[in-house]
Amino acid sequence: MILCMTSANEFRETPQNLILERCIAGVANGDREALAELYNATSPAVYSFALSVLKNTHDAEDVLQNCYLNIASSAGSYRSKGKPMAWILTITRNLCLMKIREYQKTATMPNEDWMQYLESNEKVTPEDRIVLSDCMKRLSDQERQIVVLHVVAGLKHREIAQALAIPLSTVLSKHRRALKKLKLLLGGEH
Amino acid sequence: MASKEIDAKIKQAFSNAVPDVLDSILAMSQEQKGEVIDMTEEINTNSGGKRIAGIAAAFLLLLAGVLGFNYYHSNYAVATKVALEVNPSVEIQVNQRERVLDVAALNEDGRLLLGDMDFSGSDLDVAVNAIIGSMLRNGYLSDLANSILISVDNDDPVKSGELQERLTREINSLFATGAFNGAVLSQTISAKQEVRTLADTYGITVGKAQLIREITEKNNLYQFQELVPLSINQLNLLSSSAGTNLDKVTSVGQASDKAYIGREAAKQIAFDHAGVSAANATSVDVDMDWEHGAMVYEVEFKSGSYEFEYDIDAKTGAIYGSERDRNDNDDYDDDHDYKAPDTGTSQSQPPASSSYIGTARAKEIALAHAGVSAGSIRDLDIELEREHGVMVYEVEFESGYYEYEYEIDARTEAVYKSEKDRNDD
Chain H
6 MILCMTSANE FRETPQNLIL ERCIAGVANG DREALAELYN ATSPAVYSFA LSVLKNTHDA
66 EDVLQNCYLN IASSAGSYRS KGKPMAWILT ITRNLCLMKI REYQKTATMP NEDWMQYLES
126 NEKVTPEDRI VLSDCMKRLS DQERQIVVLH VVAGLKHREI AQALAIPLST VLSKHRRALK
186 KLKLLLGGEH
Chain D
128 MASKEIDAKI KQAFSNAVPD VLDSILAMSQ EQKGEVIDMT EEINTNSGGK RIAGIAAAFL
188 LLLAGVLGFN YYHSNYAVAT KVALEVNPSV EIQVNQRERV LDVAALNEDG RLLLGDMDFS
248 GSDLDVAVNA IIGSMLRNGY LSDLANSILI SVDNDDPVKS GELQERLTRE INSLFATGAF
308 NGAVLSQTIS AKQEVRTLAD TYGITVGKAQ LIREITEKNN LYQFQELVPL SINQLNLLSS
368 SAGTNLDKVT SVGQASDKAY IGREAAKQIA FDHAGVSAAN ATSVDVDMDW EHGAMVYEVE
428 FKSGSYEFEY DIDAKTGAIY GSERDRNDND DYDDDHDYKA PDTGTSQSQP PASSSYIGTA
488 RAKEIALAHA GVSAGSIRDL DIELEREHGV MVYEVEFESG YYEYEYEIDA RTEAVYKSEK
548 DRNDD
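Those protein sequences? They're chains H and D, same order as listed. Residue numbering for the first sequence follows the numbering used here, beginning at 6 and increasing consecutively. Residue numbering for the second sequence follows the numbering used here, beginning at 128 and increasing consecutively.
In structure tokens:
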């Protein structure tokens, strides 16, 4: 029974994961279409995670770009562990930390008015802007990162705990708090 | 507003905000590969004697690069991929010299099977030997399911063919040594994009996709999607049944049907149900088939002026469908769901009128999988959804300190996803 439950917990062979792993294998062989497919499938997760850590669209875009260049050059060393998304987000997180370190040496992080930037993006609807604004301004940094990793990247709580290097219990309680806040904010008018 | 709606809104908002930098990534990843050129240019700007030395150095660099590439190519580049599939699926990647570069699990069982075995640098034969040994020891290959699929993928079809043949021989001799009565299917992966797309769409391996494609091409009664959940042994049973002679797949040995009631028992059930004695039945034909999301024996025979046709669940012996047709060559089912008036103790069990298993059954499967009782759960939510092109029931509930989430195939009952997260509210 114990064995049965652990294997249930670790059951990660979703079609999505297999597709991502195929893409990574393709990228390792220099397949540019695979890189494009991987980008299309995972860039929302990479970008939103970078944005939620850096809170600056220019830096997030930098990280987004560098992340896939990194993937292109290191896909060959990826070892299948059934967690392609976690691997990609580890790269993203490291790039974010590098950005933060750069700023620590030179100056403070620029506090960008990213709402203005989003208004120039045609794909972002007015409702999207409200949602983004609430996520960026009303949630704490960690809450926002947890929500983004859960919703956009599709990570499990356990994987989020690993990715952010914080205890699982913290992830669970912060996620709950964040959801309660968002429910009030986004569902408030009903 | 439900959490789900909020999640969907957040996902959409962030997805829409992503700037499109794919083109520049593709351009830059190209540039990264051509970086060497910059170095020679730099050397060229030097003056006099240094310049010649520079050119010589550049030439040496270039030479080293070419040699290095060849060395790299024959040692570290993946030349061939060999997939071994039973239910655990693993893929062995080897270089030109057939030294193992990596062995990757293609599914969860494959991961369990491989554990922390490391084959890097060993010969392909050694790796195959160890993996087959482990499959036998761990009961993945057994008398009940004895089929293995070998798929060889090399750019050179001649090499692929040779390796396919050699591996089939080797695995057969491994089986023989262990006194195991196995069945080997082998194929060479063609570069067909269509097969790769199918594999991606359904989340199965390219090897299995190609095998299913081959079966559906030969027998158009099957649809690709309905064969996806089948094991290699079940696919082997179908492909060896009449009318499905595959020409791209080489088959050695007989797929085991010991997990099922067997042809004789199936015949007997049909005879009993029809009230016909074995002696009076002529033109008896029994085939294995996949229908109603289960392996069935299709039993056909004639008796007197009638033709009979039965679909009998291969595991339980339940009768899914029975037809009696007057032997008048019109193929018209004169008496659908025929039941002999006075004989027969077996119960006819037609499949549910809906082709889906229903929410009640989905709930039952999830609860059984989670090992919790119906009385102990809270916040149960079951929805029928299309995921990855397949209809699934998404079952969510809480029990004790945990939240559970399942995705269950609405037709085949296969559990695609099971999650258990601690809920420390």
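For every residue, glycine included, the Cβ atom is placed at its ideal position computed from N, Cα and C.
Element boundaries [beta strand (DSSP E), containing residue i]
i, result
"Tyr531 (chain D)", "529-536"
"Arg451 (chain D)", "446-453"
"Thr207 (chain D)", "207-212"
"Phe307 (chain D)", "Phe307 (chain D) -> no beta strand (DSSP E), and no H or E assigned at all."
"Asn34 (chain H)", "Unbroken run through Asn34 (chain H): none, as it is neither H nor E."
"Leu241 (chain D)", "That residue, Leu241 (chain D), is in no beta strand (DSSP E); its alpha helix (DSSP H) goes 235-241."
"Val221 (chain D)", "216-221"
"Thr377 (chain D)", "377-379"
"Ala231 (chain D)", "227-232"
Chain D contact residues for residue i, given Cβ-Cβ distances below 7 Å
i, result
"Ser53 (chain H)", "Phe141"
"Ala77 (chain H)", "Ser156"
"His162 (chain H)", "Asp548"
"Ser48 (chain H)", "Val145"
"Asp36 (chain H)", "Simply none; closest approach about 11 Å."
"Met123 (chain H)", "The amino acid occupying residue 123 (chain H) in the given sequence is Leu; Met does not appear at that position. Those are Ala144, listed as they occur along chain D."
Chain H residues whose Cβ lies nearer than 8 Å to that of residue i
i, result
"Pro146 (chain D)", "Tyr52, Thr62, Glu66, Leu69, Asn126"
"Ile137 (chain D)", "Val136, Cys140, Val152, Val153, Val156, Val157, Leu187"
"Ser151 (chain D)", "Gln70"
7 Å Cβ cutoff met for residue i and residue j
i, j, result
"Cys101 (chain H)", "Leu59 (chain H)", "yes"
"Gln147 (chain H)", "Ser57 (chain H)", "no"
"Asp133 (chain H)", "Leu190 (chain H)", "no"
"Glu540 (chain D)", "Ile509 (chain D)", "no"
"Ala183 (chain H)", "Leu144 (chain H)", "yes"
"Gln320 (chain D)", "Val376 (chain D)", "no"
"Asp440 (chain D)", "Gly448 (chain D)", "no"
"Leu271 (chain D)", "Lys385 (chain D)", "yes"
"Ile152 (chain D)", "Tyr73 (chain H)", "yes"
"Val227 (chain D)", "Val221 (chain D)", "yes"
"Ser274 (chain D)", "Ile359 (chain D)", "yes"
Under 7 Å by beta carbon: chain H residues contacting residue i
i, result
"Arg238 (chain D)", "Gly87"
Residues bridged to residue i (per DSSP)
i, result
"Ala3 (chain H)", "Residue 3 (chain H) lies beyond the residue range present for chain H, which begins at 6 and ends at 195; the question has no answer from this structure."
"Met518 (chain D)", "D:Arg513"
"Val413 (chain D)", "D:Val426"
"Lys547 (chain D)", "D:Tyr531"
"Phe524 (chain D)", "D:Tyr531"
"Asp508 (chain D)", "D:Glu523"
DSSP three-state assignment for residue i, whether helix, strand or coil
i, result
"Tyr83 (chain H)", "coil"
"Lys88 (chain H)", "coil"
"Phe246 (chain D)", "coil"
"Val157 (chain H)", "coil"
"His180 (chain H)", "helix"
"Leu312 (chain D)", "strand"
"Gln21 (chain H)", "helix"
"Ala441 (chain D)", "coil"
"Ala408 (chain D)", "coil"
"Glu434 (chain D)", "strand"
"Asn281 (chain D)", "strand"
"Thr167 (chain D)", "Model confidence at Thr167 (chain D) stands at a pLDDT of 36, short of 50, so the residue's coordinates are unreliable; what they give is reported in the following sentence. DSSP places Thr167 (chain D) in helix when its eight states are reduced to three."
"Ala495 (chain D)", "helix"
"Lys131 (chain D)", "helix"
"Glu540 (chain D)", "coil"
"Glu127 (chain H)", "coil"
"Ala421 (chain D)", "strand"
"Ser274 (chain D)", "strand"
"Gln291 (chain D)", "helix"
"Gln350 (chain D)", "coil"
"Asp146 (chain H)", "helix"
"Ser500 (chain D)", "coil"
Interface partners of residue i on chain D, CB under 8 Å
i, result
"Leu184 (chain H)", "Ser130, Ile133"
"Leu40 (chain H)", "Ile152, Leu153, Ser156"
"Ile24 (chain H)", "Asp327, Gly330"
"Leu74 (chain H)", "Ile152, Met155, Ser156, Gln159"
"Asp146 (chain H)", "What Asp146 (chain H) touches in chain D: nothing, since even the nearest Cβ is about 16 Å away."
"Leu43 (chain H)", "Ordered by position in chain D, no residue passes the 8 Å Cβ test against Leu43 (chain H), which lies about 10 Å from the chain."
"Leu173 (chain H)", "Arg549"
Cross-chain neighbours of residue i in chain H, by beta carbon under 9 Å
i, result
"Tyr329 (chain D)", "Pro20"
Residue i, enclosing alpha helix (DSSP H) - first and last residue
i, result
"Arg390 (chain D)", "390-401"
"Ala326 (chain D)", "320-329"
"Pro131 (chain H)", "131-138"
Proximal chain D residues relative to residue i, where beta-carbon distance stays under 9 Å
i, result
"Arg27 (chain H)", "Arg323, Ala326, Asp327, Val333"
"Thr130 (chain H)", "Gln139, Ala140, Asn143"
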